[in-house]
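Novice: Which chain is which? The protein sequence lines are A and B, in order. Quick note: the first sequence, position 95, residue 95 per our numbering, numbers continuous. Quick note: the second sequence, position 97, residue 97 per our numbering, numbers continuous.
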Amino acid sequence: MAEPRSLSREEYAASRLQHHFVSLEQQRDASTLAMWVFLVTEILFFGGFFLTYTIYRWQDPIGFAHASQHMDIVLGTINTAVLIISSLTMAMAVHSAATGKRKPLLAYLSATILLGFAFLGIKAVEYTDHIRHHLFPGPGFRFPGPDKPAAEMFFSLYFGMTGLHALHMIVGIGIVGTLLVMAYRGRFTPEYHNPVEVSGLYWHFVDIVWIFLFPLLYLIGRHLK
Amino acid sequence: MSAELTPPLPETPPRTSYLTAGYGVKSWLLTRDHKRIALLYLASITFFFFLGGLFALLIRLELLTPEGDLVQPETYNKLFTMHGIVMVFFFLIPSIPTVLGNFFIPMMIGAKDLAFPRLNLLSWYIYMVGGLFTLWAVVHGGVDTGWTFYAPYSTVSSSTHVLAAAIGIFITGFSSILTGLNFIVTIHTMRAPGMTWFRLPLFVWSHYATSLIFVLGTPVIAVTLLLVALERIFHLGFFDPALGGDPVLFQHLFWFYSHPAVYIMVLPAMGVVSEIVPTFSRKSVFGYRFVAYASVAIAVLGFLVWGHHMFVSGQSVYAGLFFSLLSFFVAIPSAVKVFNWTATMYKASISWRTPMLYAMGFVGLFTIGGLTGLFLASLGVDVHVHDTYFIIAHFHYIMVGGAIMGYLGGIHYWWPKISGKMYPEGLAKFAAFVVFVGFNLTFFPQFILGYLGMPRRYHSYPPEFQVLNVMSTAGASILGFGYLLPLAYLFWSMRYGKDASSNPWGATGLEWRTTSPPPTENFPVTPVVDWEPYEYRPKTEVAAVG
């Protein structure tokens, strides 16, 4: 691995060009397009869950609304804010990388990781509460009143969808952590910072999924209170 | 563009080709060369092909007699399940894209490699891990749900290794997704100067369409199997009626991928045929743009017809009407292709080499498979022949008669480029003939059996069906022999075959403008394309300028 400090910025950027590409521009186009295509596959992947949610909620909208009232709206709202702020820090990290500011880049990447962990921590508290209140589907599931079947389906979807989302958060934290190490070693320059950019796309995507999950899971029963 | 920029045909082979660029296990298992990765896939899918074939053989042996005398009914259920799983997910879907697509897409567009070589190698490892899960399930007693994993059978009733097989398919799905992603990005960003979209070989167009299905369809089967796994492990009741779920939802999700998956199998084969037909007709493809657009149209329409698998599953009749109509629409781009290949051959000077025999076989068998698909897309007829051998015959005409004929044609067509050796032509023609006869003898009787009412997935049947079943089993034996022949003589040719020239067929594609076998970087100089696709010229001119 070439030591970046011994090279000029242009030479370093050229050393990042993989042998099968003609130019850095081609390499950047390829990786950006690849991330967009990957995000399309992710939409289809989550799409299966969203379709399942739509069908079962359509079958019993009132039952879903009642089940949704057992969600912790305060924690959910805090988590939404945490994620939106993490998207801001990620966007600032991309900007810092593009303008070649190493220290802000390190700070913003670290903040993004911390916010990601904060989200997962709050989610873990919520999961623990639900399980303690016998809201995990299966033989131990307890729900008062006639809405039990709908509520069990709601919580099946809740755990499935937020679990898949949390898994994506964990992967995202791993990616941003890798970026942090690379940024600490001075691997990114204005000419070569595409890994930060495409990882940013991924992070924002995972946030957007939550922007859909939050109302569908937390807010649909609010009007009944 | 000046002609000097195109690389001249090298007179003598360079000292190293991709095959001699490194020796030893490590140089293969850690390679990032798309050509070597293609050969890794070739070895793996060949293994799974013969494994799946073994199950087929046992199925046909059981059906030789009306009584269920060879295996237990439970074993029979496992045999047809594992035949389907192995053949569909571990042979047919990866077959042409991961071997021929991997090898030739970069070469056809004048690139040094796919856009993401490491991802390409990772795809192979993911495929192998998925394959090992499925093999584990096979060795430890198998799966008996049918390759379709219908719920609640797969989620509640079956006590076999559903989870391991589902995880295997789930994992392998990511290999498909990454391969499709790699192809799309490569075709968008890696084309050589002058290689415009409408100069792309039709093989590349069909792989572009296939890749669209890979990236749009495969995530849905992944999430569906995830839901099945969650239901089996945590009793989250997505599909089990006892837990409040709906089994028909599983069928919707399953076929949303698995119907387009049929086009994953047949589109690449169409791409192969679109290369072989003009080469051996010495003519440009008739209606190039229509064939290219037809590939994309098939990929798009393929996503809108899944409901025709569910005409008798309690789906609304109105939905059924629409799915029926949309299924008929798929026939249009498919017929465009068949007519255009035929028109290409019209008044052409055809040379009857082995690849051309397979391509002709493809056109005929695909037409029969496609037209019987229209019978099945008709609501009334489908109610009569649903879940009979008519269905089995129909989709084997597409998957075996279509996809495997195309695959074998492609392997023969590009074998000189892949191995640098010629296969034995006489023996290969004989094998193509054996495969054609064996195939038709196996599956044509099944159309009749199905029409007469023999249901699929039973290990015994009324005695009056025996004659047709014996014919089918005899055909399967001939077909199996036909498949073993290429395996033997292609291996033989690697050592004893005649050396292949750069362009033994006088074809026009970029892959023929480098040595056989090609060097690791494919082209000594990045080629500049200043000719139209399939620009076939008189032989004397080819000899003069290459």
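Glycine included, C-beta positions come from ideal geometry on N, C-alpha and C. Values in this document were obtained by computation on a predicted structure and should not be read as measured data.
(1) Which chain B residues are close to V37(A), counting only those with a beta carbon under 7 Å from its beta carbon?
(2) For P547(B), name the three-state secondary structure that DSSP assigns.
(3) Counting only beta-carbon atoms, is H207(B) nearer than 8 Å to chain A?
(4) In angstroms, rounded to a whole number, what distance separates the CA positions of T112(A) and K123(A)?
(5) Roughly how many whole angstroms lie between the Cα atoms of G177(A) and H95(A)?
(6) Count the other CB atoms, across all protein chains shown, that sit within 10 Å of the CB of G172(A); report buried if there are 16 or more and exposed otherwise.
(7) Would you list the residues sitting across from K421(B) in a DSSP beta bridge?
(8) Determine the DSSP secondary structure at T31(B), reduced to helix, strand or coil.
(9) Can you name the start and end residues of the alpha helix (DSSP H) that W203(A) belongs to?
(10) Just to confirm my understanding: we take V385(B), look at its own chain, exclude 5 residues before and 5 after, and list those with CB closer than 8 Å. What are they?
(11) Kindly indicate which three-state DSSP category T515(B) falls into: helix, strand or coil?
(12) Is L106(A) near F188(A), with beta carbons less than 8 Å apart?
(13) If I measure Cβ to Cβ from D144(B) and keep anything under 7 Å in the same chain, skipping five residues before and after, which residues do I get?
(14) At a Cβ threshold of 8 Å, is H396(B) touching chain A?
(15) Who are the neighbours of I177(B) on chain A, taking C-beta pairs under 7 Å?
(16) Exposed or buried, which one is Y208(B) when buried takes at least 16 other CB atoms within 10 Å?
(17) Check each residue of the region 233-249 of chain B: if its Cβ is closer than 8 Å to any Cβ of chain A, include it; give the result in chain order.
(18) Which residues in the same chain have their Cβ closer than 7 Å to the Cβ of V138(B), if we skip the five residues on either side of it in sequence?
(19) Would you say A222(B) reaches chain A, if we count a Cβ-Cβ gap shorter than 8 Å as a contact?
(20) By the criterion of Cβ-Cβ separation under 9 Å, what are the contact partners of P149(A) in chain B?
(21) Quick check on P219(B) - is its C-beta less than 8 Å from some C-beta in chain A?
(22) Considering just the uninterrupted stretch of the alpha helix (DSSP H) at V143(B), what are its terminal residues?
(23) Would you list the one or two residues that DSSP bridges to P455(B)?
(24) Classify S206(B) as helix, strand or coil using the three-state DSSP reduction.
(25) Using the beta-carbon count (16 or more within 10 Å), is V25(B) buried or exposed?
(26) Mind checking F254(B): buried by the 16 CB within 10 Å criterion, or exposed?
(27) Kindly list the residues whose CB is nearer than 6 Å to the CB of L301(B), restricted to its own chain and excluding five residues on each side of it in sequence; keep chain order.
(28) If we define contact as Cβ-Cβ less than 8 Å, is A111(B) a contact residue for chain A?
(29) Please state whether the Cβ-Cβ distance between F90(B) and F48(B) is less than 8 Å.
(30) Assign L132(B) to one of two classes, buried (16 or more other C-beta atoms within 10 Å of its C-beta) or exposed (fewer than that).
(31) Mapping the DSSP letters down to three states, classify A192(B) as helix, strand or coil.
(32) Using a Cβ cut-off of 8 Å (strictly closer), state whether T367(B) contacts chain A.
(33) Would DSSP call A2(A) helix, strand or coil?
(34) Taking the alpha-carbon positions, what's the I211(A) to I59(B) distance?
(35) M1(B): buried (16+ other C-beta within 10 angstroms of its C-beta) or exposed?
(36) Which class does A115(B) belong to by DSSP, given the choice of helix, strand or coil?
Specialist: To lay it out plainly:
(1) L181, I184, V185 and V215
(2) The first residue shown for chain B is 1 and the last is 546, placing residue 547(B) beyond what the model contains.
(3) no
(4) 17 Å
(5) 17 Å
(6) buried
(7) D499(B)
(8) coil
(9) N194 to F214
(10) F375, L376, I391, G450 and Y451
(11) coil
(12) no
(13) E74, N77, K78, T81, S158 and T160
(14) no
(15) T41
(16) buried
(17) F234, H235, L236, G237, F238, L243, G244, G245, D246 and L249
(18) M82
(19) yes
(20) G237, L243 and G244
(21) yes
(22) Counting along the chain, V143(B) falls outside any alpha helix (DSSP H), and DSSP gives it neither H nor E.
(23) T388(B)
(24) helix
(25) exposed
(26) buried
(27) F329 and V330
(28) yes
(29) yes
(30) exposed
(31) coil
(32) no
(33) Interpretation of A2(A) is limited by its pLDDT of 45, a score under 50 that renders its predicted location unreliable; the figure taken from the coordinates is listed afterwards. Coil, per DSSP.
(34) 51 Å
(35) With a pLDDT of 38 at M1(B), under the threshold of 50, the predicted position of this residue should be treated as unreliable, and no value is reported.
(36) coil
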